[in-house]
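K.L.:
Read in order, the letters of the sequence shown are residues -26 to -1, 1 to 475 in mature numbering (1 follows the signal peptide of the UniProt record, and there is no 0).
All residues carry an ideal CB built from backbone N, CA and C; glycine is no exception.
Computed from a predicted structure; not experimentally measured.
Before anything else, here's the structure in question.
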Amino acid sequence: MIPGWLSIESWYLVMVALSLIARTYADVWMIQNGTAIESAIIGRDLELFKIHLFRFIYAMPAVSATNNLLKYGLSKLKLHFRVRLTNHLYEKYLKGFTFYKMSNLDNRISNPDQLLTQDVEKFCNSVADLYSNLSKPVMDVIIYSLKLTNSIGIQGPATMLLYLAISGLLLTRVRRPVAKLTMKEQRLEGEYRYVNTRLITNSEEVAFYQGNKREHNIIIATFKKMVSHANSFIFFRMQMGFIDSIIAKYVATVCGYLVVSRPFLNLAHPRHLHSTKSELLEDYYKSGRMLVKMAEATGRIVLAGREMTRLSGFTARVTELMQVLDELNKGSYKRTMVIENGLNRPFPLKPGSGKIIFKDHMIMFDKVPLVTPNGDVLIKEMTFEVHSGMNVLVCGPNGCGKSSLFRTLGELWPLFGGTLIKPDKRKLFYVPQRPYMAVGSLREQMIYPDVYVDQRAKNISDAQLEDILEKVQLGYLLEREGGWESVKVCWLFLHHFFVTY
């Protein structure tokens, strides 16, 4: 998951770093050239004014290219970070039945869609922005310190760096709650998104139950929780903004003025004993602007701590997701267990303690308890045997464990004990209770989860697929809607299925 030295991300990191260095030197040159232009204007020197003005005009394309190359590199860096992290997470999320286990067996992550999309994007953007927002001011401080040391001595830059250290430590302590507030903000955003998605997914059931008012109350209550936290977070950010502005901006500027004014206000300073007013003005503008730029860079470094604190919130969310995915892929999950009869005693059954043996042409449950993931015991011990060719009907009242039996057989639920003998997953086919239509064409619906390449590899012709449609009286859809690749057919097929079921 971590980019290597020769990865595309490393190249973009180098591009951004070089662009930042070029931009810093461009800023220094702009200060020096701008000061020379102003000095020529004040000195009424037309030739010198033309020289420096044309230098500025000639430099404009290069400066503009540097700025836009930096923006391009940052945008590409964010995108490639997101691509790499998203691919890594989805490899784990869609490995085996991990996606099912996260939503149905493990209750630590309530909104994986929020984490896999918005939180990953914000995390990658924050990492790239922090790299830029921290690298540029650090380079500015280094370069301006070297320039100012030559002009006003080392005491000025040293004072600014000391201020940077003190203010950074102070603001770091003040910003501590930001990480937890950011985590809570993202969690509440995810819950609000979940209740809206849940309503869309179950809209038909809600409509039959006439539960629109109840769903309205649920959504508004979730939204109010999010808004309440947002108001608290906004007020906290306002307080932090007030402190940040004073410490990182205004006080830094005051320090800059105090430092740059010392050689000029000290009449005995050897630097300006014989300087003219125009020389004093030019030196002040050049040194003053550099020191102001250094003060601004110092302030940006201090404020970068705010972004680091915010990034730590996104990092905690993504790290939690990765940890849960790793544990689920290892067969371990965590869920609140109920205790039979409400007694405070340890749960006697352990998930994954059963044994699965793969054998063709038979299904056998040998002393297998049927237990839900949260510990509800449906059947304490179940033993039966089914061979190929036998017709079996599983019947019983609601909640007795009919669907749970097949979830255990399909390895969706863990085995809490006993021995299960069954064919390999690839040799068993299940028809879910709810119809599922994949995103794609009619062909992709019929051969799901295979794709067209798999169809050809298995020597299944389109004529065979058409014959299947004819057998279920849907053959007319193929010709009427324009062939196998028509996406619209999928929805017509689904609609027809519900009507004729």
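With a threshold of 8 angstroms on Cβ separation, who are the neighbours of residue 217 within its own chain once the five nearest residues in sequence on each side are excluded?
P.N.:
Cβ neighbours of residue 217 beyond the five flanking positions: 145, 148.
K.L.:
Leaving aside the five residues before and after residue 100 along the sequence, list all residues of the same chain whose C-beta is less than 8 angstroms from its C-beta, in chain order.
P.N.:
281, 284, 285, 288
K.L.:
In the structure shown, what three-state DSSP assignment does residue 442 receive?
P.N.:
helix
K.L.:
Assign residue 315 to buried or exposed, taking buried as 16 or more other Cβ atoms, counted over all protein chains shown, within 10 Å of its Cβ.
P.N.:
Note that residue 315 scores 45 on pLDDT, short of 50, meaning its location in the model is unreliable and no value can be drawn from it.
K.L.:
Is residue 38 near the ligand PLP, judged by its Cβ being under 6 angstroms from some heavy atom?
P.N.:
Among the ligands in the structure shown, none appear at all, so the ligand PLP cannot be discussed.
K.L.:
Where do the N-terminal and C-terminal ends of the beta strand (DSSP E) with residue 344 fall, by residue?
P.N.:
336 to 345
K.L.:
Express the C-alpha separation of residue 129 and residue -21 in angstroms, rounding to a whole number.
P.N.:
42 angstroms
K.L.:
Please report the Cβ distance between residue -18 and residue 97, rounded to the nearest whole angstrom; I am assuming they are in contact, meaning their Cβ atoms lie under 8 angstroms.
P.N.:
For a cut-off of 8 angstroms, the C-beta gap from residue -18 to residue 97 is around 14 angstroms, too long to register as a contact.
K.L.:
Taking residue 355 as part of the beta strand (DSSP E), name the residues at either end of that continuous run.
P.N.:
351 to 361
K.L.:
Residue ranges of each beta strand (DSSP E) run of no fewer than 3 residues wholly in the stretch 383 to 422, ordered along the chain?
P.N.:
Counting only unbroken stretches of 3 or more residues, the beta strand (DSSP E) elements lying wholly within the stretch 383 to 422 are 393 to 396, in sequence order.
K.L.:
Closest to residue 12 by C-alpha separation, out of 3, -1, 27, would be which residue?
P.N.:
Comparing alpha-carbon positions, the option among 3, -1, 27 lying closest to residue 12 turns out to be 27.
K.L.:
Give the DSSP-derived three-state secondary structure of residue 329 in the structure shown.
P.N.:
strand
K.L.:
Give the C-beta separation of residue 342 and residue 394 to the nearest angstrom, bearing in mind that I take them to be a contact with Cβ-Cβ under 8 angstroms.
P.N.:
Between residue 342 and residue 394 a beta carbon distance of about 6 angstroms is seen, short of the 8 angstroms cut, so the two are scored as contacting.
K.L.:
Just how far apart, CA to CA, sit residue 380 and residue 329?
P.N.:
16 angstroms
K.L.:
Can you check whether the CB of residue 60 is closer than 7 angstroms to the CB of residue 303?
P.N.:
Residue 60 is positioned such that its CB atom lies no closer than 7 angstroms to that of residue 303.
K.L.:
Could you say which of 368, 108, 408 lies nearest to residue 176 if we only look at CA atoms?
P.N.:
When each option's Cα is compared against that of residue 176, the closest is 408.
K.L.:
Would you mind reading off the limits of the alpha helix (DSSP H) that contains residue 307?
P.N.:
Segment: none, residue 307 is in no alpha helix (DSSP H) and carries neither H nor E.
K.L.:
Hey, how far is the Cα of residue 353 from the Cα of residue 453?
P.N.:
50 angstroms
K.L.:
Could you give the distance in angstroms between the alpha-carbon of residue -5 and the alpha-carbon of residue 64?
P.N.:
Taking the straight line joining both Cα atoms gives about 38 angstroms.
K.L.:
Span of the alpha helix (DSSP H) holding residue 151?
P.N.:
Unbroken alpha helix (DSSP H) run through residue 151: 151 to 175.
K.L.:
Can you check whether the CB of residue -7 is closer than 7 angstroms to the CB of residue 119?
P.N.:
no
K.L.:
Assuming residue 207 contacts residue 155 (C-beta within less than 8 angstroms), just tell me the rounded distance between them.
P.N.:
5 angstroms
K.L.:
So, with DSSP's three-state summary, where would you put residue -25?
P.N.:
coil
K.L.:
Provide the residue span of the alpha helix (DSSP H) that contains residue 65, from first to last.
P.N.:
20 to 67
K.L.:
Which class does residue 111 belong to by DSSP, given the choice of helix, strand or coil?
P.N.:
Here residue 111 sits in helix by DSSP.
K.L.:
Does the Cβ-Cβ distance between residue 269 and residue 227 come in under 7 angstroms?
P.N.:
Remark: C-beta atoms of residue 269 and residue 227 approach each other more closely than 7 angstroms.
K.L.:
Are the stretch 155 to 170 and the stretch 83 to 92 touching, with three or more C-beta to C-beta distances below 8 angstroms?
P.N.:
yes
K.L.:
Using DSSP with H/G/I as helix, E/B as strand and the rest coil, what is residue 79?
P.N.:
coil
K.L.:
Are residue 66 and residue 299 closer than 7 angstroms when you measure CB to CB?
P.N.:
In this structure, residue 66 places its C-beta atom within 7 angstroms of the C-beta atom of residue 299.
K.L.:
Compute the Euclidean distance between the alpha carbons of residue 185 and residue 94, then round it to the nearest angstrom.
P.N.:
34 angstroms
K.L.:
Go ahead and pull the three-state DSSP assignment for residue 70.
P.N.:
coil
K.L.:
Taking the beta carbon of residue 48 as the centre, do at least 16 other beta carbons fall within 10 Å, making it buried, or is it exposed?
P.N.:
buried
K.L.:
So which of 8, 5, -1, 358 has the shortest CA-CA distance to residue 35?
P.N.:
-1
K.L.:
Measuring only the C-alpha atoms, how far is residue 200 from residue 151?
P.N.:
17 angstroms
K.L.:
Thinking residue 336 and residue 355 are a contact (beta carbons under 8 angstroms), I'd like their distance in whole angstroms, please.
P.N.:
With a Cβ gap of about 20 angstroms, residue 336 and residue 355 do not count as contacting.
K.L.:
In the structure shown, what three-state DSSP assignment does residue 502 receive?
P.N.:
The structure shown has nothing for residue 502, since the chain only spans -26 to 475.
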